[in-house]
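Quick notes on the structure that follows.
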Amino acid sequence: MKELIVATKNEGKVREFRQLFSEYGIAVKSLLDFDEPIEDIEETGTTFAENATIKAEAISEAYNTPVIADDSGLVVDALGGEPGVYSARYAGEEKNDQKNLEKVMKKLEGVPVNERTARFVCAIAVARPGFETFVKEGCCEGSIAVEPQGQHGFGYDPIFIPESSERTMAEHTSEEKNSISHRHHAILQLEEWLKNQS
């Protein structure tokens, strides 16, 4: 089985990538699987694509191997696109899913249901030694719930309702989520390349 490094320490993302890549016969190795701890890479980009590229290229260069990195987050229209690229640290430098989610909910207090449109966006960068990095993007349109619901998923899943559903992402099983998620849509764009890896 072909192995690919996914440049993330987020266990939720790792689980999703493992499930999504398994159908291509590709095993996923994350930054959590290395013997030596890898320092966080500073994401200085202003877009999801830029941040994904920074991460993928840094790890690919360090280990001289193909690396996939994703940068993803929640974009809320009523908040002018926030939290956007700051999704993971929206409530402060220390990543805290619950505090991030609460900050979005607080900022949306009083905003009517029909004005709570949002989307999850995912950019996946593929960096390979000797080749130009390329990026594919996917998104999942939806809206922000009035209150958190559900126990599955991670991040903003308990407050995001995909437009094809009346349930939050956290009320979907992992199989249901993986069939509609922003990460799934980005990976579909990578399909040709992935098929050639196995």
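Its first residue numbered 2, the sequence shown is counted upward by one per residue in our numbering. Glycine is no exception: its CB is placed at the ideal position from the N, C-alpha and C atoms.
Beta strand (DSSP E) segment containing residue i, residue limits
i: I27; result: 27-31
i: I125; result: 118-128
i: K3; result: 3-7
i: F155; result: Segment: none, F155 is in no beta strand (DSSP E) and carries neither H nor E.
i: F161; result: 161-163
One or two residues paired with residue i in a DSSP bridge
i: L21; result: L21 pairs with nothing; no bridge assigned.
i: T169; result: DSSP output for T169 lists no bridge partner at all.
i: V105; result: None, per the DSSP bridge assignment.
i: V15; result: In DSSP, V15 forms no bridge with anything.
i: G82; result: DSSP output for G82 lists no bridge partner at all.
i: F132; result: Bridge partners of F132: none, in fact.
i: G111; result: Note: G111 sits in no beta bridge, so no partner.
i: L75; result: F121
i: E138; result: A124
i: G143; result: A119, P163
Buried versus exposed call for residue i [16 or more other C-beta atoms within 10 Å across all chains shown]
i: R117; result: buried
i: A63; result: exposed
i: V29; result: buried
i: R184; result: buried
i: P38; result: exposed
i: E180; result: Note that residue 180 is Ser in the sequence shown here, rather than Glu. Classification for S180: exposed.
i: L201; result: Residue 201 is absent from the structure shown; the chain starts at 2 and stops at 199.
i: G74; result: buried
Reduced DSSP category for residue i - H, G, I as helix; E, B as strand; rest coil
i: K96; result: coil
i: L189; result: helix
i: I181; result: helix
i: A70; result: strand
i: K10; result: coil
i: E148; result: coil
i: Y91; result: coil
i: E43; result: coil
i: D34; result: helix
Residue interval of the alpha helix (DSSP H) (run including residue i)
i: I60; result: 49-64
Residue i CB to nearest heavy atom of the ligand PLP below 8 angstroms
i: H153; result: This structure does not include the ligand PLP; it has no bound ligands of any sort.
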